[in-house]
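For what it's worth, our numbering labels the leading residue of the sequence shown as 6, then goes sequentially.
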Amino acid sequence: MNDSPGWAAPGSPSDGQGPDDARPAAQPSGSAADPGSADGTGSGPGSAADPGADTPGAKWSAAQPPAGQWSSPAPARTPQPAPPAQQQAPGWGTHPAPGAPYQYPGGWGGPPPAAKPGVIPLRPLGLGEILDGAVGTLRGHWRSVLSVSLVVAALSQLALLLVERAWLDRLPVADEDLTPSQALGVMGNTALVYAFQYYLEILGLILVTALLAPVVSRAVLGQASTVSGTLKAVRPLAPRMLALIALLLLGAVAAVGLPTLPGILAGSAALTALGIPVGFLLLAWFYVTFVLAPPALMLERGTAVAALKRSAKLVKGSWWRICGISLLTWLIRAITSMVIVTPFAGIALFAAPGGISSLFNGSATTSWTFLIISAIGGVVGATVTVPMQTGVTTLLYIDQRIRREALDLELARAAGLDGYGTPTAAERPGG
6 MNDSPGWAAP GSPSDGQGPD DARPAAQPSG SAADPGSADG TGSGPGSAAD
56 PGADTPGAKW SAAQPPAGQW SSPAPARTPQ PAPPAQQQAP GWGTHPAPGA
106 PYQYPGGWGG PPPAAKPGVI PLRPLGLGEI LDGAVGTLRG HWRSVLSVSL
156 VVAALSQLAL LLVERAWLDR LPVADEDLTP SQALGVMGNT ALVYAFQYYL
206 EILGLILVTA LLAPVVSRAV LGQASTVSGT LKAVRPLAPR MLALIALLLL
256 GAVAAVGLPT LPGILAGSAA LTALGIPVGF LLLAWFYVTF VLAPPALMLE
306 RGTAVAALKR SAKLVKGSWW RICGISLLTW LIRAITSMVI VTPFAGIALF
356 AAPGGISSLF NGSATTSWTF LIISAIGGVV GATVTVPMQT GVTTLLYIDQ
406 RIRREALDLE LARAAGLDGY GTPTAAERPG G
């Protein structure tokens, strides 16, 4: 044993003493064994009352109190009022009132709520927030959005109507005695019509995405937009936008055409058919890689080539995520458009010469009545659904920049939110 606190037993002398220093047995006061006490008070030499006692080994007094009794460490006592609460740092040791939302203290235990000046919160976005932001932009800025999409959809459907009327006149309605060359020609004409329709749809998506990118950006900041303001913002970038559209269309044609070119040159239908799936895979890769180029061009105001490089850089590492979100949005848009277009198609069938029977003999597709009513349905469907796809594309661009470049700080400052001042040198890119 040593003299460190806690090592000696309670009420015992410290270790390090000899046997002569041991405590003598307690004697009753006033007894004969206490010769120095005449009145039984124990005040003689060697007693506790004699501080000058120098009896060897008489370190302890003969008269000691009774041994201490161990009791409960929490004896019963009168309740005392609680002391006033000390001032603590915000969030430490405090609890919210019943029913009140919990506020995380200074970032400990969970993320603080993100600012939301507009249609999306200023933080990395999830799928639901991207879709909700696209729908919120359409709902909150419907004048600007629908005006732009209506014009683009009307021009696209007009071009498609003329092409269908010109090419479908060359297709035989029904002929079982077609030669292989004639069958190949029918297949080629039909493929050209569908290819034109597909590329026309891509052209409309690119154009509407570029035109509505300023509208979506203002919706993110919670600011209003007008048709005149949108056109004013887009007008200086019109040549660059047309150059970007031309590059994207050429790239899409090359992605599909190059794998099928050997079969076409060799006149082999099997080799051509083998190259079609490869072409579609290349087209999917090309589309997803450069899908963010239109908003990058309009919001960063660079060149067409710089926008393509910017899109490839932002998509890198997130290709599958962007592909999945874009594909899901396309499915939602296709289903919604089909629901809108189906009533117009039914009206067109009844209004076409020959009624429903014209659908079976193929004459309905060459009727101007059928084509015009169907085109009107296509315009309505595209006007409503295309802005959703383009809004998702622009929000994907913003989301990728938030994840990689902390764009949310710049957006918060642009929205005039409190607590976001001029960026410091460390917050600036390269700082």
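C-beta atoms are modelled at their ideal positions from N, C-alpha and C, and glycine is treated no differently.
Note that the coordinates shown come from a computational prediction; the quantities given were computed from them, not determined experimentally.
* Taking DSSP as the reference, what is the three-state secondary structure of V168? -> Here residue 168 refers to the residue found at position 163 when the sequence shown is read from its first residue. V168 falls in the helix class under three-state DSSP.
* Asked: Can L216 and V239 be called in contact, C-beta distance under 7 Å?
  -> The residue given as residue 216 occupies position 211 in the sequence shown. The residue given as residue 239 occupies position 234 in the sequence shown. Yes, they are a contact pair.
* Is the segment 291-301 touching the segment 246-260, taking contact as three or more C-beta pairs under 8 Å? -> yes
* Span separating the alpha-carbon of T195 from that of G234 -> For the purposes of this step, residue 195 is identified with residue 190 of the sequence shown, where counting begins at 1. For the purposes of this step, residue 234 is identified with residue 229 of the sequence shown, where counting begins at 1. Approximately 42 Å between the Cα atoms of the pair.
* **Outcome for D423 when other beta-carbon atoms lying within 10 angstroms are tallied against a minimum of 16** => Looking up residue 423 in the sequence shown gives position 418. Counting Cβ neighbours within 10 Å, D423 comes out exposed, since fewer than 16 surround it.
* To do: Can you grab the Cα-Cα spacing for the pair V389 / P118, in whole Å?
  => Residue 389 sits at position 384 when you count from the first residue of the sequence shown. Residue 118 sits at position 113 when you count from the first residue of the sequence shown. Approximately 32 Å between the Cα atoms of the pair.
* Alpha carbon to alpha carbon, how far is L287 from F295? Give it in angstroms, no decimals. => Start at 1 with the first residue of the sequence shown, and residue 295 comes out as number 290. Start at 1 with the first residue of the sequence shown, and residue 287 comes out as number 282. C-alpha separation (whole angstroms): 12 Å.
* **Whether A275 touches T399 by CB criterion (7 Å)** => What you label residue 275 is simply residue 270 of the sequence shown in a count that begins at 1. What you label residue 399 is simply residue 394 of the sequence shown in a count that begins at 1. No, they are not a contact pair.
* **Residues near A419 by beta carbon distance below 8 Å, same chain, minus five either side** => Locating residue 419 in the sequence shown gives position 414, where the first residue counts as 1. Result list for A419: L226, in chain order.
* Determine the burial state of G284: buried for a count of at least 16 other Cβ atoms within 10 Å of its Cβ, exposed for fewer. => Working through the sequence shown from its first residue, we reach residue 284 at position 279. Answer is buried; the Cβ neighbour count reaches 16.
* **Straight-line Cα distance separating F291 from I407** => On the sequence shown, position 402 is the one that residue 407 refers to. On the sequence shown, position 286 is the one that residue 291 refers to. Going from the Cα of I407 to the Cα of F291 covers about 23 Å.
* Hey, is the segment 204-212 in contact with the segment 146-166, meaning 3+ C-beta pairs nearer than 8 Å? -> yes
* Look up V391 in the DSSP assignment and say whether it is helix, strand or coil. => Numbered from 1 along the sequence shown, position 386 holds the residue referred to as residue 391. DSSP places V391 in helix when its eight states are reduced to three.
* **Stretch-stretch touch, CB-based, cutoff 8 Å, three pairs: the segment 374-392 with the segment 343-360** => yes
* Which runs of the alpha helix (DSSP H), 4 residues or longer, sit entirely within the segment 117-152? -> 132-145
* **DSSP-derived helix/strand/coil call for T277** => Here residue 277 is taken as the residue at index 272 of the sequence shown, counted from 1. T277 falls in the helix class under three-state DSSP.
* Asked: Just reading off the alpha helix (DSSP H) that L252 is part of, what are its end residues?
  -> Within the sequence shown, residue 252 is the residue found at index 247, counting from 1. Note, L252: alpha helix (DSSP H), 243-271.
* Apart from the five residues just before and just after I198, which ones in its own chain have a Cβ nearer than 8 Å to its Cβ? -> Stepping through the sequence shown from its first residue, residue 198 is reached at position 193. The residue you asked about is not Ile; residue 198 is Val in the sequence shown. Same-chain partners within the cutoff: V168, E169, W172, L173.
* Residue nearest to L132 in terms of C-alpha spacing, selected from G329, L354, G193 -> Reading the sequence shown from its first residue, position 127 is the one you call residue 132. If we check each option's Cα against that of L132, G329 comes out closest.
* Asked: For the alpha helix (DSSP H) that G329 lies in, which residues bound it at each end?
  -> In the sequence shown, the residue the question calls residue 329 occupies position 324. G329 -> alpha helix (DSSP H) spans 324-356.
* Determine the closest residue to P358 out of W373, A350, V320, with distance taken between C-alpha atoms. => Locating residue 358 in the sequence shown gives position 353, where the first residue counts as 1. Ranking the options by Cα distance to P358, first place goes to W373.
* Given 8 Å as the limit, is there contact between the segment 140-147 and the segment 375-385, that is, 3 or more CB pairs closer than that? -> no
* Identify which residue in I125, A257, R326 has its Cα closest to the Cα of F201. => As a first step, residue 201 is located in the sequence shown; it is residue number 196 there, counting from the start. Ranking the options by Cα distance to F201, first place goes to A257.
* Asked: Are the beta-carbon atoms belonging to D413 and R128 less than 7 Å from one another?
  -> In the sequence shown, counting from the first residue as 1, residue 413 sits at position 408. In the sequence shown, counting from the first residue as 1, residue 128 sits at position 123. Yes; because the gap between Cβ atoms is below 7 Å, this pair is in contact.
* Supposed contact pair R245 and A317 - C-beta distance, whole angstroms, cut 8 Å -> As a working mapping, residue 317 is identified with position 312 in the sequence shown. As a working mapping, residue 245 is identified with position 240 in the sequence shown. At roughly 17 Å, the Cβ-Cβ gap does not stay under 8 Å, so A317 and R245 are not in contact.
* Close Cβ partners of G262 (< 8 Å) along its chain, the five nearest in sequence each way excluded -> For this step, residue 262 is matched to residue 257 along the sequence shown. Excluding positions up to five away in sequence, the list reads G284.
* Asked: Among residues of its own chain, excluding the 5 on either side of P18, which ones have a beta-carbon nearer than 6 Å to its beta-carbon?
  -> As a working mapping, residue 18 is identified with position 13 in the sequence shown. Confidence at P18 is low in this model, with a pLDDT of 38, below 50, so its placement is unreliable and no value can be given for it.
* To do: Starting from V296, follow the alpha helix (DSSP H) in both directions and report where the run begins and ends.
  => Start at 1 with the first residue of the sequence shown, and residue 296 comes out as number 291. Here V296 belongs to no alpha helix (DSSP H), and DSSP marks it neither H nor E.
* **D413 - containing alpha helix (DSSP H), residue span** => Start at 1 with the first residue of the sequence shown, and residue 413 comes out as number 408. 412-419 is the span of the alpha helix (DSSP H), which, as asked, contains D413.
* To do: Return helix, strand or coil for L226, following the three-state DSSP convention.
  => Indexing the sequence shown from 1 puts residue 226 at position 221. Note: L226 maps to coil in three-state DSSP.
* **Whether S222 touches H146 by CB criterion (7 Å)** => Here residue 222 is taken as the residue at index 217 of the sequence shown, counted from 1. Here residue 146 is taken as the residue at index 141 of the sequence shown, counted from 1. The answer is no: Cβ separation not under 7 Å.
* How many Å lie between H100 and I125 at the Cα? -> On the sequence shown, position 95 is the one that residue 100 refers to. On the sequence shown, position 120 is the one that residue 125 refers to. Model confidence at H100 stands at a pLDDT of 49, short of 50, so the residue's coordinates are unreliable and nothing is read from them.
* Buried/exposed call for Y402, threshold 16 Cβ in 10 Å -> Residue mapping note: residue 402 aligns to position 397 of the sequence shown, counting from 1. Under this definition Y402 is a buried residue.
* To do: May I have the straight-line CA-CA distance separating K314 from L236, to the nearest angstrom?
  => Here residue 314 is taken as the residue at index 309 of the sequence shown, counted from 1. Here residue 236 is taken as the residue at index 231 of the sequence shown, counted from 1. Near 26 Å, if we compare the C-alpha coordinates of L236 and K314.
* Can you name, in chain order, every residue of its own chain whose Cβ lies under 6 Å from the Cβ of G382, other than the five neighbours on each side? -> Within the sequence shown, numbered from 1, the residue matching residue 382 stands at position 377. Excluding residues within five positions, the ones whose Cβ falls inside 6 Å are V346, F349.
* Asked: Candidates G268, A289, G272: which alpha carbon is nearest L279's?
  -> Your numbering for residue 279 matches position 274 in the sequence shown. Per the Cα distances, G268.
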